[in-house]
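Residue numbers (this note's numbering): 1445 to 1843. Inspection log for the structure reproduced underneath, given as structure tokens.
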Ligand SMILES: Cc1ncc(COP(=O)(O)O)c(C=O)c1O
């Protein structure tokens, strides 16, 4: 038996979880230990892409658990191979490397890009260009790429060779992306910053400068991937083909897995022994992700994401008409950011608490934005019920 107060005693203080303790979940509903029910507009943080405990995923996990749990990289791993084939069928990719998380995929992508530049161009071509307000994870390389002091302070010295440029600013991009650039790493939609889309012209200019300077374009789709934006990957909507793509979160539907996708030509530079991961490509994770990816690549499911986005937007706009509580509502598929018109009593923390109290789970982004990232197959009636709870919470807080 554990209680919420045990958290402070036994866990490193990196997190401050909500007061309630979840005990079970199904689809887009979750129950706490007191059997109180919550509608889930968070899906972890954009992870449980098909809701909790989807029967097909439960079956895949149970079936694989009776066969093989773990294989070393010295042996051919069938579930990993099957999953790699699915990625190659449905994306630009010709080769895949499996990791366990988003940050690990980002690390591997940067290693791949630097090795590619080292072997194909020059030893001095090692710079990485990243953007303001980026979020690429919490490893040393990832926090260095994020660039903000709040991630870095106290953890230095940072890995070298990283340049930052303002997101969505085409000015002086040619000064940032040069012959010394090995790669540019970009989120096409910045999730942690509050669902901010990259402008088309900005993306096209990056792509052009990468080509001119023989730099690789790494697209970080850890959060935007796996159907979240209404296409299997967001790059499909931006008329751009990544050289390397990082994904994680939603591809496992709740089981830890990350992946690097790339072309055969680029993959070639990662020779035998140049990279590895004990657990990357774990058979249990891959067996589940295989089913996730098969479901997410269906047109009907992706069309559903766009329809549900419209429903959310209509209702959120109505809420905003009534209370003038949001200064912006941004969305990209089932990934929605409502920027709050913050006042003394009306802020993100009070909103989160009010929503929890009423049985709704939402997320924050950038300390001023409510982030909504539900399961991609959340039922319409739960969307409406959840938004009614949000409306009531806003009504109470804004008074
Ligand atoms: C765009 C992006 N990249 C990387 C990461 C890091 O992923 P993980 O927490 O699995 O390491 C995240 C996590 O939120 C993310 O949103």
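We put the CB at the ideal spot given by N, CA and C, even for glycine.
In the assembly as shown, residue 1446 is an exposed residue. Its beta-carbon has fewer than 16 other beta-carbons within 10 Å. Between the C-alpha atoms of residue 1463 and residue 1600 there is a straight-line separation of about 33 Å. DSSP places residue 1808 outside any alpha helix (DSSP H); the residue lies instead in the beta strand (DSSP E), whose first and last residues are 1807–1809.
If you keep only unbroken alpha helix (DSSP H) runs of at least 4 residues inside the region 1697–1758, you get 1708–1711, 1727–1740. Residue 1496 has its CB no nearer than 6 Å to any heavy atom of ligand 1. Excluding residues up to 5 positions away in sequence, 1730, 1733, 1734 lie with their Cβ nearer than 6 Å to the Cβ of residue 1527 in the same chain. Counting every other CB atom within 10 Å of its CB across the protein chains shown gives residue 1714 a total of 16 or more, marking it as buried. Secondary structure note for residue 1820: it is in no alpha helix (DSSP H), with a DSSP letter that is neither H nor E. In this structure, residue 1487 lies near residue 1817, with their beta-carbon atoms less than 7 Å apart. Between residue 1746 and residue 1698, the gap from beta carbon to beta carbon reaches 7 Å or more.
Taking residue 1553 as the centre and dropping the five residues before and after it, the same chain places the C-beta of 1662, 1688, 1690, 1704 closer than 6 Å to its C-beta, in chain order. According to the DSSP assignment, residue 1583 belongs to no beta strand (DSSP E), since it is labelled neither H nor E. Secondary structure of residue 1571 (DSSP, three-state): strand. Taking 6 Å as the cut-off, one finds at least one heavy atom of ligand 1 near enough to the beta carbon of residue 1579. The beta-carbon separation of residue 1749 and residue 1820, rounded to 5 Å, stays under the 8 Å limit for a contact.
Taking C-beta separations shorter than 7 Å and ignoring five residues to either side along the sequence, the partners of residue 1657 in its chain run 1621, 1622, 1623, 1625, following chain order.
Measuring C-alpha to C-alpha distances from residue 1725 to each of 1506, 1545, 1465, 1602 identifies 1545 as the nearest. The count of Cβ pairs closer than 8 Å, one atom from the region 1575–1591 and one from the region 1672–1688, stays below three, leaving the stretches out of contact.
At least 7 Å separates the beta-carbon of residue 1765 from that of residue 1812. In the DSSP assignment, residue 1556 falls within the unbroken alpha helix (DSSP H) covering 1546–1564. DSSP places residue 1540 in the uninterrupted beta strand (DSSP E) bounded by 1539–1543. The three-state secondary structure of residue 1509, taken from DSSP, is helix.
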